[in-house]
Amino acid sequence: MPTLLILMILAAMSFAFWSASRAAAERAIHLGGEACRAAGVQLIDQTVHATGLRVIRREDGWLGFERSFRFEYSEDGMDRHIARMVLRGHRLVSFSGPVRATGVVDFRPPHDEI
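According to the numbering used here, the sequence shown is numbered sequentially starting from 1486.
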């Protein structure tokens, strides 16, 4: 009986981790697409790739994850450039990639995430 309980807890923890990872990847795709649209470039493959995961201490004192992603974009359809971003939860903390001509890209979350 205790073995089954431990397996169920491990399965629930695995599902929660997988679900949070998918949500972070979807957020990264959204942010990458917005950055590309704002800069007037093309997001290649409409996807991002997870490149790193580390445990950090959040502002509220709890432990959390910091996830790194990369994606590719093209200015003219013939070239490829690599962009990178780092998310802590759903919050963007670092970004290097395409920017619009004014140099300002607005990465505020949609109204339902505030």
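No residue lacks a Cβ here, since even glycine has one placed at the ideal position from N, Cα and C. In this text, all values refer to a predicted model and were calculated from it rather than measured experimentally.
Own chain residues within Cβ distance below 7 Å of residue i, not counting five before or after
i       : result
CYS1521 : GLN1527, LEU1528, TYR1558, PRO1583
ILE1599 : Note that ILE1599 has pLDDT 47, beneath the 50 cutoff, so the model's placement of it is unreliable and the number below is only indicative. Correct list: empty, nothing qualifies.
GLY1549 : ILE1541, ARG1543, ARG1573, GLY1574
Buried versus exposed, by CB contacts within 10 Å (16 or more), residue i
i       : result
ALA1496 : exposed
ARG1552 : buried
ARG1542 : exposed
GLY1517 : buried
MET1570 : buried
ALA1513 : buried
VAL1533 : buried
ALA1535 : exposed
Residues that residue i bridges to, as DSSP identifies them
i       : result
PHE1500 : DSSP output for PHE1500 lists no bridge partner at all.
Close Cβ partners of residue i (< 8 Å) along its chain, the five nearest in sequence each way excluded
i       : result
ARG1565 : ILE1529, GLU1557, TYR1558, SER1559
ALA1648 : Because the chain here runs from 1486 to 1599, residue 1648 falls outside it and cannot be looked at.
Chain-order list of residues whose beta-carbon lies under 6 Å from that of residue i (same chain, five-residue window excluded)
i       : result
ARG1539 : GLU1551
VAL1578 : VAL1571
ALA1509 : ARG1552, LEU1572
Beta strand (DSSP E) runs contained entirely in the region 1503-1576, provided each spans 3 or more residues:
Within the region 1503-1576, the complete beta strand (DSSP E) runs of at least 3 residues are 1534-1542, 1548-1559, 1566-1573.
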